[in-house]
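Heads up, the thing below is written out as structure tokens.
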Amino acid sequence: MKPESHVVSLTVPAEAEFIDLVRLTLYGISSKLGFSYEEIEDMKVAVAEACNNAVVHAYEPGSPGLMEVRFERIEDGLRIVVKDQGPSFDYAEKARRAGSLHDKSLNDIHVGGLGIYLMQALMDDVVVKTGTGTEVILTKRVCRSEEMV
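Just so we're aligned, residue 1231 is where the sequence shown starts under the numbering used here, counting upward by one.
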């Protein structure tokens, strides 16, 4: 079987209590792919942030919604896709207005809006697609340590 065909998908309610199920699934898959404990913990934080964004922002309070999470084995690592069907937003405009966090004090940083920065710091690649809902694509490559000679 080709690595590209190794995909595990979950479709869960966009509710906070289901994020742990996503994190547990991520742990099982990433540990089998050879990721280190630290890499797995970084991925768990990034994926939880992407899922939390779907839970908090995708659907109106009281309106049920779903989030789809796909774990795709790629040649050198893992791609995780978190997708919702909520109203979309202009990601490019939002990112432009957010600006850089460099040279800002903690008093200048507002609660919320740091999720993308956090995901970018923890993952090798982050892509956000908007249109029909929002799709966050997180990629992490396995860092294999060199064997001691």
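For every residue, glycine included, the Cβ atom is placed at its ideal position computed from N, Cα and C.
Can you look up residue i in the DSSP assignment and give me helix, strand or coil?
i, result
"threonine 1255", "helix"
"methionine 1273", "helix"
"valine 1286", "helix"
"aspartate 1250", "helix"
"methionine 1297", "strand"
Around the C-beta of residue i, are 16 or more other C-beta atoms found within 10 angstroms, so that it is buried, or is it exposed?
i, result
"cysteine 1281", "buried"
"aspartate 1314", "buried"
"valine 1341", "Note on valine 1341: pLDDT 49, under 50, position unreliable in the model; no value is reported."
"lysine 1362", "For clarity, residue 1362 is threonine in the given sequence; the question names lysine instead. By the 10 Å Cβ count, threonine 1362 comes out exposed."
"leucine 1352", "buried"
Do you know whose CA, among the options, lies nearest residue i's CA?
i, options, result
"glycine 1307", "Met1349, Asp1250, Ala1284, Ser1260", "Ser1260"
"phenylalanine 1180", "Ser1266, Arg1371, Glu1279, Gly1363", "Only positions 1231 to 1379 of the chain appear in this structure, which leaves residue 1180 out of reach."
"isoleucine 1270", "Gly1345, Pro1294, Arg1309, Val1358", "Arg1309"
Tell me whether the beta-carbon of residue i lies closer than 7 angstroms to the beta-carbon of residue j.
i, j, result
"glycine 1316", "tyrosine 1289", "yes"
"lysine 1274", "leucine 1263", "no"
"alanine 1246", "methionine 1297", "no"
"valine 1299", "leucine 1240", "yes"
"phenylalanine 1265", "valine 1356", "no"
"valine 1286", "valine 1366", "no"
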